[in-house]
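There are 2 protein chains.
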Amino acid sequence: MDAEIIAIGSELLTPYRQDTNSLYLTERLNHVGVEVRFKDVVGDRREDLVSIAKNAIARADIVIFMGGLGPTEDDLTRECVAHALGVELHRDAEIVAWLRARFASRHMSMPDNNLRQADVIDGALVLPNAKGTAPGQWIEKRIGASQKILMLLPGPPWELKAMFEEQCVPRLRTSVPPQVIATRLLKIALMPESQCDALVAPIYKRHTEVETTILAARGEIQLHLRSRAATQDEAEARVQVLADELLAELGDFVFTVGNDTLEKVVGNLLQQRGATIAVAESCTGGLLSQRITMVSGSSAYFLGGAVVYSNGLKTVLAGVPAELIASHGAVSREVAAALAQGIRDRCGAKIGIGITGIAGPSGATPEKPVGLVFHSIADARGTDVLERTFPGDRERVRLWASQQALDMLRRRLMHS
Amino acid sequence: MDAEIIAIGSELLTPYRQDTNSLYLTERLNHVGVEVRFKDVVGDRREDLVSIAKNAIARADIVIFMGGLGPTEDDLTRECVAHALGVELHRDAEIVAWLRARFASRHMSMPDNNLRQADVIDGALVLPNAKGTAPGQWIEKRIGASQKILMLLPGPPWELKAMFEEQCVPRLRTSVPPQVIATRLLKIALMPESQCDALVAPIYKRHTEVETTILAARGEIQLHLRSRAATQDEAEARVQVLADELLAELGDFVFTVGNDTLEKVVGNLLQQRGATIAVAESCTGGLLSQRITMVSGSSAYFLGGAVVYSNGLKTVLAGVPAELIASHGAVSREVAAALAQGIRDRCGAKIGIGITGIAGPSGATPEKPVGLVFHSIADARGTDVLERTFPGDRERVRLWASQQALDMLRRRLMHS
Chain A
269 MDAEIIAIGS ELLTPYRQDT NSLYLTERLN HVGVEVRFKD VVGDRREDLV SIAKNAIARA
329 DIVIFMGGLG PTEDDLTREC VAHALGVELH RDAEIVAWLR ARFASRHMSM PDNNLRQADV
389 IDGALVLPNA KGTAPGQWIE KRIGASQKIL MLLPGPPWEL KAMFEEQCVP RLRTSVPPQV
449 IATRLLKIAL MPESQCDALV APIYKRHTEV ETTILAARGE IQLHLRSRAA TQDEAEARVQ
509 VLADELLAEL GDFVFTVGND TLEKVVGNLL QQRGATIAVA ESCTGGLLSQ RITMVSGSSA
569 YFLGGAVVYS NGLKTVLAGV PAELIASHGA VSREVAAALA QGIRDRCGAK IGIGITGIAG
629 PSGATPEKPV GLVFHSIADA RGTDVLERTF PGDRERVRLW ASQQALDMLR RRLMHS
Chain B
269 MDAEIIAIGS ELLTPYRQDT NSLYLTERLN HVGVEVRFKD VVGDRREDLV SIAKNAIARA
329 DIVIFMGGLG PTEDDLTREC VAHALGVELH RDAEIVAWLR ARFASRHMSM PDNNLRQADV
389 IDGALVLPNA KGTAPGQWIE KRIGASQKIL MLLPGPPWEL KAMFEEQCVP RLRTSVPPQV
449 IATRLLKIAL MPESQCDALV APIYKRHTEV ETTILAARGE IQLHLRSRAA TQDEAEARVQ
509 VLADELLAEL GDFVFTVGND TLEKVVGNLL QQRGATIAVA ESCTGGLLSQ RITMVSGSSA
569 YFLGGAVVYS NGLKTVLAGV PAELIASHGA VSREVAAALA QGIRDRCGAK IGIGITGIAG
629 PSGATPEKPV GLVFHSIADA RGTDVLERTF PGDRERVRLW ASQQALDMLR RRLMHS
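Just so you know, the sequences run in chain order A and B.
So in this note's numbering the end of the first sequence lands on 684, straight run, no missing numbers.
So in this note's numbering the end of the second sequence lands on 684, straight run, no missing numbers.
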């Protein structure tokens with residue numbers, strides 16, 4: 269079965285607010301075997317809400333409306349869904365009594381507007397709201413050849429989550445054919461998306477029983493595998509077979525099967541090897557250190573480092589000879605190697621990392637374009653330098669440079 | 269005129285990813301006088317994308333499609349929009365040549381898949397992509413009685429923003445009836461949202477002709493003011509009067525009236541004062557340096573710094589006496605001051621900043637809880653230390669500590 273999730277409220281159409289309830293709902297729906305096929309956001313305008321509701325009811329098995337259940341004139345969800353279904357609303361005496369009691373217990377008089385919250389769509393089941401005044405509604409209705417489920421839920425996240433978890437999930441389990449879902453996530457660093465797709469598409473296309481999604485962002489590609497089957501064993505076996513084939517093709521380009529970040533994977537390898545690191549970074553300006561120390565427990569292997577933005581500090585903090593900078597330039601293979609060696613010595617670390625490059629937008633020369641970065645690793649075995657030219661703006665160059673340094677370190681650790 | 273924004277990609281229907289481009293687009297559309305009326309998310313499924321496209325073209329004046337312009341089989345936006353419009357695609361020779369040249373310049377061979385990116389909807393104008401391989405498309409078409417504008421934009425935010433800003437906004441301005449909107453943005457660091465609201469609500473509620481939105485995130489509160497009027501002068505006057513009243517109430521808690529980041533504001537002050545800084549950070553692990561160097565041109569005032577995670581490095585890189593650490597502990601007022609003084613001396617900077625604290629989740633003692641951070645600034649006038657205990661997890665503590673150090677520096681520079 270598939271679902272459409274509709275968030276209602278004009279504030280969700282401003283630059284400042286965003287629906288996030290749908291992420292929670294998607295996770296819970298997937299878990300009971302329901303896929304989300306559409307998400308929409310619509311304002312508090314009658315004709316728009318009716319039009320969205322009609323489309324959704326026509327195309328999805330399950331339609332979830334969020335918000336617009338309050339007491340004000342702007343709260344139109346009840347009447348618009350009734351209109352889209354072609355049925356009437358009736359005022360529910362029990363809800364009226366409950367609302368009056370709630371106000372009375374707070375020694376407040378109830379504005380007449382609040383009676384709107386007692387309007388129930390004919391045929392709907394009322395979902396009491398443990399956290400607020402807006403009750404939800406659950407509707408099961410045969411439309412044409414298919415049985416539809418509609419839910420009207422309140423917008424505030426704590427009200428919605430409590431209601432969905434306690435009242436909707438159990439009902440969904442009885443309505444949705446029991447299904448199990450198995451997932452796998454493979455992460456790959458620094459490969460162009462088209463290159464990755466060319467490698468993996470011939471493989472995952474043979475596995476039509478597994479749904480594969482490729483996601484590329486921030487110097488990383490994620491391959492999300494997902495399969496549904498009648499039993500957990502069968503679903504697990506399907507994603508495992510595909511994951512194994514993808515791993516055989518991609519080899520050590522895959523830095524994890526799971527949800528770990530690259531910095532976490534590198535941290536685990538450092539701990540397994542009993543290694544310590546220190547970092548001397550120029551163009552990344554602290555980003556590499558910051559990523560390494562995002563990982564809780566990183567003090568076990570990260571000693572620290574230097575952000576050597578000025579040439580003077582490359583010498584003072586990382587011991588790079590001033591003559592070397594003068595003869596090769598600060599952005600050079602030689603200075604990258606000297607940064608890695610120098611910070612390793614200075615900090616007494618097993619491994620030193622050096623980064624120097626041109627993040628832009630200024631600082632480029634004809635020989636040294638924006639995006640040119642030298643990455644270096646020094647350890648007891650020697651010093652390696654990797655030269656890359658990254659496209660994109662300052663933020664992207666810095667991110668990719670930090671990504672490249674981490675991945676270079678990962679490979680070095682894997683083969684040591 | 270009104271707009272519908274459609275985000276395309278199955279990953280946006282998972283619990284893991286969310287469209288955020290629409291927030292940026294909404295801000296820019298509002299600015300030229302266009303309101304957003306619907307937002308939708310749809311996966312990479314042909315029939316769904318065609319259905320959404322048809323609905324949107326029928327009901328909105330402007331339809332923006334984001335994503336699905338890549339080279340893979342999943343990238344269906346071009347063909348589905350063509351189908352919804354009832355027109356054909358043609359392969360554009362210029363784009364093919366451009367794609368081939370782009371790959372050749374990187375010494376890579378182009379997979380055949382990439383040719384799909386040269387498919388153009390009949391009647392569309394090609395929008396070159398300065399930041400990636402997927403060109404956008406701009407379509408103006410009379411449908412029934414109304415003139416519609418359609419845009420196909422790439423999904424990655426940096427590509428979308430560059431293309432929309434440079435190529436779409438100017439075109440929109442010629443098509444949309446001129447309207448005037450005046451806006452002001454006030455940013456406040458480190459104040460609790462409820463405290464801010466208690467101060468400002470009595471003021472902005474008197475100004476019903478200005479729409480005020482309060483937003484709190486990442487150690488910062490934003491007050492967005494917006495007013496429309498018949499003339500620019502009138503709209504500007506309305507927001508200016510309210511902004512002035514808010515500034516009078518909030519004083520130097522407001523770090524900018526505009527869209528600058530706190531690190532940019534601090535950078536401007538450093539440049540105006542002709543000052544240089546160096547940083548020695550422990551619990552923030554490079555985050556402060558990284559934020560300062562996010563600002564293009566920061567090399568004019570940022571010399572560099574040390575990430576002194578281990579106690580040994582606090583001595584080696586920032587010259588903190590080992591006895592001081594032994595007697596007061598690494599997380600102490602004394603060590604924070606010594607970090608600021610030491611890194612200032614070592615780097616020859618006018619201002620030194622030191623941060624030491626417990627980001628958690630481990631490392632706390634009964635006297636020193638998770639979230640305890642000491643921030644210090646040293647300059648020719650002396651050394652100040654500020655102690656704070658931040659609530660929240662590791663990421664939040666680190667962020668707030670970097671925020672506090674920047675705001676402390678801002679106040680010091682303003683009063684120097």
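Note that CB positions come from ideal geometry on N, CA and C, so glycine has one too.
Keep in mind it's a predicted model, so treat the numbers as computed, not measured.
Supposed contact pair residue j and residue i - C-beta distance, whole angstroms, cut 8 Å
i: L493(A); j: A511(A); result: 6 Å
i: V576(A); j: L585(A); result: 6 Å
i: I276(A); j: G336(A); result: 4 Å
i: L517(B); j: I471(B); result: For clarity, residue 517(B) is Glu in the given sequence; the question names Leu instead. E517(B) to I471(B), Cβ: 6 Å. Contact.
i: Q405(B); j: A413(B); result: Actually they are not in contact, since the Cβ atoms of Q405(B) and A413(B) sit about 24 Å apart, beyond 8 Å.
i: R346(A); j: L383(A); result: Wrong, their Cβ atoms sit about 12 Å apart, outside the cutoff.
i: I389(B); j: A352(B); result: At roughly 10 Å, the Cβ-Cβ gap does not stay under 8 Å, so I389(B) and A352(B) are not in contact.
Reference residue i, options the options, closest by Cα
i: G660(A); options: P629(A), K636(A), L654(A) and L483(A); result: P629(A)
i: V653(A); options: M676(A), P637(A) and Y569(A); result: M676(A)
i: K409(A); options: V331(A), T624(A), A361(A) and T529(A); result: V331(A)
i: V547(B); options: V388(B), A604(B), E315(B) and S319(B); result: A604(B)
i: S557(B); options: Q415(B), G535(B) and V355(B); result: G535(B)
i: A365(B); options: D387(B), E635(B) and L581(B); result: D387(B)
i: H683(B); options: T552(B), G616(B), D520(B) and V310(B); result: D520(B)
i: D647(B); options: I621(B), V448(B), Q671(B) and G526(B); result: I621(B)
i: K606(B); options: K582(B), C615(B) and A617(B); result: Per the sequence shown, residue 606(B) should be read as Ala rather than Lys. Nearest option by C-alpha distance: K582(B).
i: C464(B); options: H475(B), A450(B) and Q490(B); result: Q490(B)
i: K399(B); options: H643(A), L454(A), G639(A) and P403(A); result: G639(A)
i: E434(A); options: R296(A), Q609(A) and P634(A); result: R296(A)
i: R439(A); options: E479(A), E461(A), V448(A) and L395(A); result: L395(A)
i: K307(A); options: H299(A), A328(A) and E315(A); result: A328(A)
i: K498(A); options: L420(A), T481(A), P445(A) and V302(A); result: Reading off the sequence, residue 498(A) comes out as Ala, not Lys. Nearest C-alpha to A498(A): P445(A).
i: G423(A); options: R441(A), P403(A) and S578(A); result: P403(A)
Which of helix, strand or coil DSSP assigns to residue i
i: I626(A); result: coil
i: A548(A); result: strand
i: A392(A); result: coil
i: A259(A); result: As displayed, chain A neither begins before 269 nor continues past 684, which places residue 259(A) out of reach and without an answer.
i: D342(B); result: coil
i: H358(B); result: strand
i: R410(A); result: strand
i: A498(B); result: coil
i: A369(B); result: helix
i: L280(A); result: helix
i: A402(B); result: coil
i: R374(A); result: coil
i: A598(A); result: coil
i: E517(B); result: helix
i: K636(A); result: coil
i: G620(A); result: strand
i: E272(A); result: strand
i: K429(A); result: helix
i: T476(B); result: coil
i: T529(A); result: coil
i: V509(B); result: helix
i: L420(A); result: strand
i: R656(B); result: strand
i: L690(A); result: Absent from the structure is residue 690(A), since the part of chain A shown begins at 269 and ends at 684.
i: L486(A); result: Residue identity differs from the one stated: residue 486(A) is Arg in this sequence, not Leu. Coil.
i: Q447(A); result: coil
Chain-ordered residues of the stretch 546-559 of chain A with a beta carbon less than 9 Å from chain B: A546, V547, E549, S550, C551, T552, G553, G554, L555, L556, S557, Q558 and R559
Inside the stretch 531-577 of chain A only - beta strand (DSSP E) runs reaching at least 3 residues: 545-549 and 570-576
Contact residues within the stretch 618-635 of chain A, judged by C-beta distance below 9 Å to chain B: A627, G628, P629, S630 and G631
Length at least 4, wholly inside the stretch 284-357 of chain B: the alpha helix (DSSP H) runs in chain order: 289-299, 314-327 and 345-353
Members of the stretch 489-513 of chain B that neighbour chain A once the beta carbon cut-off is set at 7 Å: Hits within the stretch, in order: H492.
Near-chain B residues of the stretch 311-341 of chain A - C-beta to any C-beta below 8 Å: Answer in chain order: G311, R313, D316, S319, I320, N323 and R327.
Chain-ordered residues of the stretch 395-406 of chain B with a beta carbon less than 7 Å from chain A: K399
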